[in-house]
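Peer 1: One structure, pasted below without further comment.
Number of protein chains: 2
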Amino acid sequence: MIERYIVIMAGGKGERFWPQSRLRRPKQLLPIVGDSSMLNQTVERLSGFVPIENVFVLTNSVQRDAVLDVCPQLLKENVVAEPVGRDTAAAVALATFLIKQRNPEGVFAILPADHIIYDQDAFHSVLNSAFGAAEKNDVLVTIGIVPTEPATGYGYIHQGEEIERIEGHSICRVERFVEKPDLETAKGYVSSMEYLWNGGMFIWQVNAIEQALKSHVPELYSGFLEIEQEVKAGTSLLKALADFFPELQKISIDYAVMEKADNVVTVPANFDWDDVGEWGAIVRHSTADSDGNTTKGSVVIEEGSHNLVISSDEHLIALVGVDDLIVVRTADATLVCRRSDSQKIKNLVERLGKDEKYKKFL
Amino acid sequence: MIERYIVIMAGGKGERFWPQSRLRRPKQLLPIVGDSSMLNQTVERLSGFVPIENVFVLTNSVQRDAVLDVCPQLLKENVVAEPVGRDTAAAVALATFLIKQRNPEGVFAILPADHIIYDQDAFHSVLNSAFGAAEKNDVLVTIGIVPTEPATGYGYIHQGEEIERIEGHSICRVERFVEKPDLETAKGYVSSMEYLWNGGMFIWQVNAIEQALKSHVPELYSGFLEIEQEVKAGTSLLKALADFFPELQKISIDYAVMEKADNVVTVPANFDWDDVGEWGAIVRHSTADSDGNTTKGSVVIEEGSHNLVISSDEHLIALVGVDDLIVVRTADATLVCRRSDSQKIKNLVERLGKDEKYKKFL
Chain W
1 MIERYIVIMA
11 GGKGERFWPQ
21 SRLRRPKQLL
31 PIVGDSSMLN
41 QTVERLSGFV
51 PIENVFVLTN
61 SVQRDAVLDV
71 CPQLLKENVV
81 AEPVGRDTAA
91 AVALATFLIK
101 QRNPEGVFAI
111 LPADHIIYDQ
121 DAFHSVLNSA
131 FGAAEKNDVL
141 VTIGIVPTEP
151 ATGYGYIHQG
161 EEIERIEGHS
171 ICRVERFVEK
181 PDLETAKGYV
191 SSMEYLWNGG
201 MFIWQVNAIE
211 QALKSHVPEL
221 YSGFLEIEQE
231 VKAGTSLLKA
241 LADFFPELQK
251 ISIDYAVMEK
261 ADNVVTVPAN
271 FDWDDVGEWG
281 AIVRHSTADS
291 DGNTTKGSVV
301 IEEGSHNLVI
311 SSDEHLIALV
321 GVDDLIVVRT
331 ADATLVCRRS
341 DSQKIKNLVE
351 RLGKDEKYKK
361 FL
Chain F
363 MIERYIVIMA
373 GGKGERFWPQ
383 SRLRRPKQLL
393 PIVGDSSMLN
403 QTVERLSGFV
413 PIENVFVLTN
423 SVQRDAVLDV
433 CPQLLKENVV
443 AEPVGRDTAA
453 AVALATFLIK
463 QRNPEGVFAI
473 LPADHIIYDQ
483 DAFHSVLNSA
493 FGAAEKNDVL
503 VTIGIVPTEP
513 ATGYGYIHQG
523 EEIERIEGHS
533 ICRVERFVEK
543 PDLETAKGYV
553 SSMEYLWNGG
563 MFIWQVNAIE
573 QALKSHVPEL
583 YSGFLEIEQE
593 VKAGTSLLKA
603 LADFFPELQK
613 ISIDYAVMEK
623 ADNVVTVPAN
633 FDWDDVGEWG
643 AIVRHSTADS
653 DGNTTKGSVV
663 IEEGSHNLVI
673 SSDEHLIALV
683 GVDDLIVVRT
693 ADATLVCRRS
703 DSQKIKNLVE
713 RLGKDEKYKK
723 FL
């Protein structure tokens, strides 16, 4: 019986949201935007689309407890921890295995845990058409976001001809996936009206993605068959994953499958969407004052400071004569970062990880 | 019998060193530069020049315990609290009264509590000549610092002809005191070789300063006579100060006396001197790294940040892509300030004082 499932990818480290985001409590488990964690918002957004027992979350061993903590509505057995991170192709293979175990005829969506979509109805409508396409045909469906600006932080999907329409949404061929462009290229993409943002949301039948993995990353696929056989032979999933998962090829699902497969289609979606990729992005979801300053917690800004993103709690942060800064304070660490350099926070976190003295701040 | 005394003015609020400097524990009671408090360094710098029982400290009621805490070597009765701050002329009058009580023929120096002078021998030598001049003549002696740069943060003394030399030091007339100049004017002062920095260090006989107060601020002087009479009549000093001190005219000793008196002389001094007036000044007393960054405590700076002054403790402060900032973290408040705006910290602190919500941070 065809049935719909969701697998939420929640194993990220959220390094660009350091110091609030930590290894054990990364971005997706924090209320970066809104009052509940990004993951919980993602789970709640599916309410009414699939029953909660059809929602799975892939996480990692250090975060599993925190996932259950912020999303107590999830079935415990649906929260599965990867023993180590092996990028998204291995995660998709694991998801495929989990859904296949439940229902070999299942159709499932892969969704990131930490994106913002406010319009739940519009989201359900697009997702419904995407499932519809995946259920009818042996295709790999991706949701493409209609760009609202020439963003350089996202990959793009070159949209081809419309194949069909399902419940008001176009189902289009995908010409190709393209990497994050420079600003000029991005401007060209946006004005051409032929490109969509790659939001990392995929929908397919178990059988379709299994065949795609077999064709395009056979080594990874055979590694996965071993896990499947172990579990069939009576080994626990935990042990089978511990034994075989670390050996899987480390590659993204985009490189491994999406960019190679010729049966990829996309559903253009024009709901508001934001991957909230770095601290500066929270400005888009907050109300700035007339000087462009966005604050949370106890903050005093002397006149003449602009475009600040400040996050604290009871602890007072006072700013004098500064512009374009991100200041984020937590109990044990404070970040002061130029807004245009927020991508470098990742480098900083990597550096902390290499120094025994600073590992406790990860 | 002529005897030498020192009165250290330690009642400042140190607002420009917020958030480390607080009402109850201001700059002079903190180890802003060096390992002991600025006040303790000032007291220790006098060791060998006068006995400790001849060293007085003027403070205020909220700071008195902290003064005794950081300077346990002081005689308790020599640490006198003003009930309210009434600027430096009233403080000088109080100092005059205290020394007069001890010894009407006393000669005393007024010294700020929070300046840095590393060369104790050179300091003693200049101070000795200044006392020599004050002991011989009915003059108001001020120590003038030979400028090393066209500083705009200090008042200047226009030095006149040499009157005499005492133990190797010139005693010169003072043509006039001038306010903090702009940079061009300051450059002219420095190149003329006729101007000295006004370091706020004064030396005089009890009788000389008493006459000067009487001549130039008679109202303030008569207020002081009342305190003297009350104490002679048996009222405690504490009560007499509480009764009369708050009514004294609020004016600086420079305005009240030094700029008006015609018997002012100066001893040019060329020891290294720094009033450590704002956070940026601590750079002069620290070793910066090759990017010009001065740090204290747990600090990680991503490549590409320059000219930072960062102060923390165990709490990690991480900086990415920022230049010319002062970041000072304390247990309950953190300051992020452009270095060239450090004078505005005072405004910020004033603002905090006006808001019930923020008063606890003073």
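Listed in order, the protein sequences are those of chains W and F.
Taking this note's numbering, I'd label the letters of the first sequence as residues 1 to 362.
Taking this note's numbering, I'd label the letters of the second sequence as residues 363 to 724.
Note that beta-carbon positions come from the ideal geometry of N, C-alpha and C, so glycine has one too.
Values in this document were obtained by computation on a predicted structure and should not be read as measured data.
#1: Which term fits K27 of chain W, buried or exposed, when burial requires 16 or more other beta carbons within 10 angstroms of its beta carbon?
#2: Assuming L420 of chain F contacts A453 of chain F (C-beta within less than 8 Å), just tell me the rounded distance between them.
#3: Measuring straight from C-alpha to C-alpha, what distance separates S487 of chain F and R407 of chain F?
#4: Between which two residues does the beta strand (DSSP E) harbouring Y221 of chain W extend?
#5: Along chain W, which residues have their Cβ under 8 Å away from the Cβ of A695 of chain F?
#6: Specify the secondary structure class of N655 of chain F as computed by DSSP and reduced to three states.
#7: Can you give me the start and stop residues for the alpha helix (DSSP H) that A89 of chain W sits inside?
#8: In the DSSP assignment, find the unbroken alpha helix (DSSP H) run with R752 of chain F in it and report its ends.
#9: Grouping DSSP H, G and I as helix and E and B as strand, with all else coil, what is N669 of chain F?
#10: Could you name the residues of the same chain whose beta carbon sits closer than 7 Å to that of L316 of chain W, not counting the 5 residues immediately before and after it, in chain order?
#11: Please classify K13 of chain W as buried or exposed, where buried requires at least 16 other C-beta atoms within 10 Å of its C-beta.
#12: Using the rule of at least 16 other Cβ atoms within 10 Å of the residue's Cβ for burial, across every protein chain shown, is L220 of chain W buried or exposed?
#13: Nearest-angstrom Cα distance between D55 of chain W and I116 of chain W?
#14: For L697 of chain F, count neighbouring Cβ atoms within 10 angstroms of its own Cβ and tell me buried if that reaches 16, exposed if not.
#15: For the alpha helix (DSSP H) that contains S554 of chain F, what are its first and last residues?
#16: Report the rounded CA-to-CA distance for Y118 of chain W versus G639 of chain F, giving the unit in angstroms.
#17: Evaluate E161 of chain W with the Cβ neighbour count: other Cβ atoms within 10 Å of its Cβ, from every protein chain shown; 16 or more gives buried, anything less gives exposed.
#18: For K542 of chain F, I'd like the list of residues in its chain whose CB is within less than 7 Å of its CB, leaving aside the five on either flank, ordered along the chain.
#19: Output needed for E365 of chain W: all residues of its chain with C-beta closer than 8 Å, excluding positions within five of it in sequence on either side, in chain order.
#20: Contact between the region 226–240 of chain W and the region 134–146 of chain W: three or more CB pairs below 8 Å?
#21: With a Cβ-Cβ cutoff of 9 Å, do R378 of chain F and V322 of chain W count as a contact?
#22: How far does the alpha helix (DSSP H) with I345 of chain W in it extend, from its first residue to its last?
#23: Rounded to a whole number of angstroms, what is the C-alpha to C-alpha distance between A455 of chain F and M371 of chain F?
#24: At 4 residues or longer, what runs of the alpha helix (DSSP H) sit wholly inside the region 498–550 of chain F?
#25: Buried or exposed: where does T657 of chain F fall if 16 or more other Cβ atoms within 10 Å of its Cβ makes it buried?
#26: Take F564 of chain F and list the residues in its own chain whose beta-carbon comes closer than 6 Å to its own, dropping the five residues that flank it on each side.
#27: Hey, quick one: how far does the beta strand (DSSP E) through A443 of chain F stretch, first residue to last?
#28: When you compare each of W:Q229, W:N263 and W:N307 to I282 of chain W by their alpha carbons, which one comes out closest?
#29: How is L316 of chain W classed by DSSP in three states: helix, strand or coil?
#30: Hey, how far is the Cα of P150 of chain W from the Cα of G234 of chain W?
#31: Could you work out which residue in F:N709, F:D653, F:F723 and F:K716 is closest to R691 of chain F when comparing CA atoms only?
#32: Around the Cβ of P218 of chain W, are there at least 16 other Cβ atoms within 10 angstroms (buried) or fewer (exposed)?
#33: What does a CB cutoff of less than 7 Å around K576 of chain F pick up in its chain, not counting 5 residues either side in sequence?
#34: Given G34 of chain W, which residues of its chain have a CB within under 7 Å of its CB, disregarding the five upstream and five downstream residues?
#35: So is M400 of chain F buried or exposed if we call it buried at 16+ other beta carbons inside 10 Å?
Peer 2: Short version:
#1: Position 27 of the first sequence, counted from the first residue, corresponds to residue 27 of chain W. With 16 or more other Cβ atoms within 10 Å, it is buried.
#2: On the second sequence, residue 420 of chain F is found 58 positions in, with the first residue counted as 1. On the second sequence, residue 453 of chain F is found 91 positions in, with the first residue counted as 1. Indeed, because the Cβ distance is near 5 Å, the residues count as touching under 8 Å.
#3: As a working mapping, residue 487 of chain F is identified with position 125 in the second sequence. As a working mapping, residue 407 of chain F is identified with position 45 in the second sequence. One C-alpha to the other measures close to 12 Å.
#4: Here residue 221 of chain W is taken as the residue at index 221 of the first sequence, counted from 1. It is not in any beta strand (DSSP E) - Y221 of chain W instead sits in the alpha helix (DSSP H) that spans P218 to K232.
#5: Taking the second sequence and counting its residues from 1, one reaches residue 695 of chain F at position 333. Chain W residues near A695 of chain F: H315, L316, I317 and A318.
#6: Along the second sequence, one-based indexing puts residue 655 of chain F at 293. Coil, per DSSP.
#7: Taking the first residue of the first sequence as 1, we reach residue 89 of chain W at position 89. First-last of the alpha helix (DSSP H) with A89 of chain W: D87 to R102.
#8: As displayed, chain F neither begins before 363 nor continues past 724, which places residue 752 of chain F out of reach and without an answer.
#9: For this step, residue 669 of chain F is matched to residue 307 along the second sequence. DSSP places N669 of chain F in coil when its eight states are reduced to three.
#10: Within the first sequence, numbered from 1, the residue matching residue 316 of chain W stands at position 316. If we look at L316 of chain W and ignore the five residues flanking it on each side, its Cβ neighbours are S298 and V300.
#11: Here residue 13 of chain W corresponds to residue number 13 of the first sequence, with the count starting at 1. By the neighbour-count rule (16 or more Cβ atoms within 10 Å), K13 of chain W is buried.
#12: Taking the first sequence and counting its residues from 1, the one referred to as residue 220 of chain W is at position 220. Buried: at least 16 other Cβ atoms inside 10 Å.
#13: Sequence index remark: in the first sequence, residue 55 of chain W carries index 55 (1-based). Sequence index remark: in the first sequence, residue 116 of chain W carries index 116 (1-based). The identity of residue 55 of chain W in the sequence shown is Val, whereas the question assumes Asp. One C-alpha to the other measures close to 18 Å.
#14: Sequence index remark: in the second sequence, residue 697 of chain F carries index 335 (1-based). L697 of chain F is buried by the Cβ-count criterion.
#15: One-based indexing of the second sequence puts residue 554 of chain F at position 192. S554 of chain F -> alpha helix (DSSP H) spans L545 to S554.
#16: Against the first sequence, residue 118 of chain W aligns to sequence position 118. Against the second sequence, residue 639 of chain F aligns to sequence position 277. Computed Cα separation, rounded: 51 Å.
#17: For this step, residue 161 of chain W is matched to residue 161 along the first sequence. Looking at its Cβ environment, which holds fewer than 16 other Cβ atoms inside 10 Å, E161 of chain W is exposed.
#18: The residue given as residue 542 of chain F occupies position 180 in the second sequence. The residues are T514, G515, Y516 and G517.
#19: Shown here, chain W extends from 1 to 362; a query on residue 365 of chain W therefore has no answer.
#20: no
#21: The count along the second sequence starts at 1 and reaches residue 378 of chain F at position 16. The count along the first sequence starts at 1 and reaches residue 322 of chain W at position 322. It is not a contact, given that the beta carbons lie outside the stated cut-off.
#22: Counting from one through the first sequence, the residue named residue 345 of chain W turns up at place 345. Note, I345 of chain W: alpha helix (DSSP H), I345 to G353.
#23: Indexing the second sequence from 1 puts residue 455 of chain F at position 93. Indexing the second sequence from 1 puts residue 371 of chain F at position 9. Approximately 12 Å, taken between the alpha carbons.
#24: none
#25: The count along the second sequence starts at 1 and reaches residue 657 of chain F at position 295. Its Cβ being crowded by 16 or more others within 10 Å, T657 of chain F is buried.
#26: Taking the first residue of the second sequence as position 1, residue 564 of chain F is located at position 202. Closer than 6 Å at the Cβ level, and outside the excluded window around F564 of chain F, lie I472 and T504.
#27: Position 81 of the second sequence, counted from the first residue, corresponds to residue 443 of chain F. Segment V441 to E444, the beta strand (DSSP E) holding A443 of chain F.
#28: Residue numbering aside, residue 282 of chain W sits at position 282 when the first sequence is read from its first letter. Measuring from the Cα of I282 of chain W, the nearest candidate turns out to be W:N307.
#29: Within the first sequence, numbered from 1, the residue matching residue 316 of chain W stands at position 316. Strand.
#30: Against the first sequence, residue 150 of chain W aligns to sequence position 150. Against the first sequence, residue 234 of chain W aligns to sequence position 234. Rounded to whole angstroms, P150 of chain W to G234 of chain W spans 51 Å at the Cα level.
#31: Reading the second sequence from its first residue, position 329 is the one you call residue 691 of chain F. Cα-wise, what sits closest to R691 of chain F is F:F723.
#32: For the purposes of this step, residue 218 of chain W is identified with residue 218 of the first sequence, where counting begins at 1. So P218 of chain W counts as exposed.
#33: For the purposes of this step, residue 576 of chain F is taken as residue 214 along the second sequence, with counting starting at 1. For K576 of chain F, where only same-chain residues beyond five positions count, the Cβ hits under 7 Å are Y583.
#34: Locating residue 34 of chain W in the first sequence gives position 34, counting from the first residue. The residues are Q41.
#35: Position 38 of the second sequence, counted from the first residue, corresponds to residue 400 of chain F. Buried: at least 16 other Cβ atoms inside 10 Å.
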